[in-house]
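Worksheet: one structure, shown below.
Residue numbers (the working numbering): 12 to 87.
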């Protein structure tokens with residue numbers, strides 16, 4: 012079993028790009044500590060997902076502001 016932490020971004024054109032953030036070593040998926048490690052990895056994944064989602068929302072806002080400023084400068 013391979014454990015990896017990835018983030019998938021869907022663009023408006025229907026394209027999907029997946030970025031692998033971190034690939035956990037093979038020994039994490041085996042042994043008696045695997046449940047607690049997987050639990051902690053899940054918590055880290057949830058936190059990273061929230062952070063990356065906020066970054067993506069900020070980038071969307073930045074793009075919209077840039078488009079509005081470009082339109083305003085074009086109209087004036």
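For every residue, glycine included, the Cβ atom is placed at its ideal position computed from N, Cα and C.
Pairwise C-alpha distance: residue j and residue i
i, j, result
"residue 69", "residue 87", "27 Å"
"residue 56", "residue 81", "37 Å"
"residue 60", "residue 50", "15 Å"
"residue 75", "residue 31", "27 Å"
"residue 62", "residue 79", "26 Å"
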